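Here's the structure we're looking at; comments come further down.
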Amino acid sequence: MNSLKAIIIDDEPDCVRVLELQLAKHCPEVQVIGKTEIAEEGLVMLLKTPPDLLFLDIEMPRMNGFDLLEKVGNLNFQVVFTTAYDRYAIRAFKFSALDYLLKPIDPAELKATVARAAQKEHLVQQQLDLLKQQLLSPKLNSKLALPQLNGYIITDIEQIIYCESDSNYTRFFMKNKEQYLICRTLGEIENLLEGHHFFRSHKQFLVNINEISRIIRDDGMSVEMSNHKILPVSRQKTEAVKNIFNRA
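Numbering that gives the first Met the number 0 puts the first residue of the sequence shown at 0, with every later residue one more than the last.
In structure tokens, the structure reads:
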């Protein structure tokens with residue numbers, strides 16, 4: 000793996016020190032070229048010597064991580080957020096497909112995150128905007144970032160008709176007839192879309208309840224989606240489907 004130049008910005012000195020030690024031990028390909036507990040100093044570092052990788056805390060006094068990135072302007076480097084946010088907020092990172100490390104940082108997660116970051120291009124502004132929207136808004140997330148080979152598709156969740164499992168991948172079927180294959184299991188997507196009117200009708204399918212146009216009973220149960228695709232319902236889920244639509 001090629002060498003990666005990194006900067007660490009975190010208002011907690013112990014976090015900076017521990018992360019630097021962990022990088023030296025577990026990620027020798029990462030060279031820390033700058034570190035600071037003061038956001039304003041970090042901004043100067045980023046403008047003077049842009050890194051390949053920035054480890055950035057979000058909650059900092061005077062200037063938070065988002066404000067700092069806005070002042071940088073051209074984000075021609077990859078960002079890994081280091082955060083002590085709770086589980087609810089962590090979902091926002093997953094929705095925006097941004098890398099994060101939860102404090103205290105686990106070495107295995109650190110290695111995996113650095114490996115992913117090394118394969119990516121610079122931070123996409125749309126992803127950052129999506130993350131900010133989700134963290135600052137008390138409402139349920141309405142958008143999802145789908146990683147693609149050449150970037151990310153930011154889509155409205157309501158535009159998803161259903162998702163189909165494809166081994167360790169998931170294929171999204173959209174209202175505009177587009178299909179997107181992403182490297183996440185259907186179980187991960189099910190957890191991510193919890194609370195968005197999606198239902199695991201079958202081990203292979205996760206369906207948008209609002210896009211079901213017909214329930215079919217013929218040697219078992221199946222559902223017809225708004226794109227006219229007929230999907231099976233497993234025997235274990237037939238009662239749940241009846242309850243959803245109040246059918247006897």
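Every residue gets a Cβ at the ideal spot worked out from N, C-alpha and C, and that includes glycine.
Every value quoted in this text rests on a predicted model; they were computed, and no experiment measured them.
- Inter-segment contact for the region 15-35 and the region 58-65 is absent: fewer than three beta-carbon pairs are separated by less than 8 Å.
- Secondary structure of Ala-144 (DSSP, three-state): strand.
- By the Cβ neighbour-count rule, Asp-165 is exposed, with fewer than 16 other Cβ atoms within 10 Å of its own.
- Contact annotation, Val-71 with Leu-55: C-beta distance approximately 10 Å; criterion of less than 8 Å not satisfied.
- Between Ser-141 and the set Gly-194, Gly-41, Glu-163, Pro-27, the nearest pair of CA atoms involves Gly-194.
- Per DSSP, Asp-56 is not a residue of any alpha helix (DSSP H); the beta strand (DSSP E) it occupies stretches across 52-56.
- The beta carbon of Asn-207 sits closer than 7 Å to those of Ile-159, Ile-160, Tyr-161, His-196, Phe-197, all from its chain and outside the five residues before and after it, given in chain order.
- Of Pro-103, Leu-52, Gly-186, the smallest CA-CA separation from Glu-11 is found for Pro-103.
- Put simply, the backbone Cα of Ile-8 is about 48 Å away from that of Asn-226.
- Distance from Ala-5 to Gln-30 at the Cβ level is roughly 7 Å; contact confirmed, criterion being Cβ atoms closer than 8 Å.
- Rounded to whole angstroms, the separation of the alpha carbons of Ala-116 and Leu-148 is 14 Å.
- Looking at the DSSP output, Pro-12 sits in no beta bridge, so it has no partner there.
- Residue state for His-227 is assigned as coil, using DSSP reduced to three classes.
- For Lys-34, the enclosing beta strand (DSSP E) begins and ends at 29-35.
- According to the DSSP secondary-structure assignment, Leu-180 is paired through a beta bridge with Arg-170.
- Closest option to Leu-74, judged by alpha-carbon separation, among Thr-81, Leu-52, Asn-167: Leu-52.
- Under DSSP, Phe-198 shares a beta bridge with Val-206.
- Residue pairing for Ile-215: DSSP places it in a beta bridge opposite Ser-221.
- Distances from the alpha-carbon of Pro-106 to those of Lys-24, Leu-143, Phe-80 put Lys-24 closest.
- Straight-line spacing of the CA atoms in Phe-172 and Gln-235 works out to 24 Å.
- The alpha-carbon of Gly-186 is positioned some 33 Å away from that of Val-17.
- The distance from the Cβ of Leu-191 to that of Arg-199 is about 13 Å, inconsistent with a contact at the 8 Å cut-off.
- Partner residues in the beta bridge of Gly-150, as assigned by DSSP, are Gln-147.
- DSSP places Ile-104 in the coil class of the three-state scheme, outside both helix and strand.
- Apart from sequence neighbours up to five positions away, the residues of its chain that approach Leu-42 with a beta-carbon distance below 6 Å are Leu-67, Lys-70, ordered along the chain.
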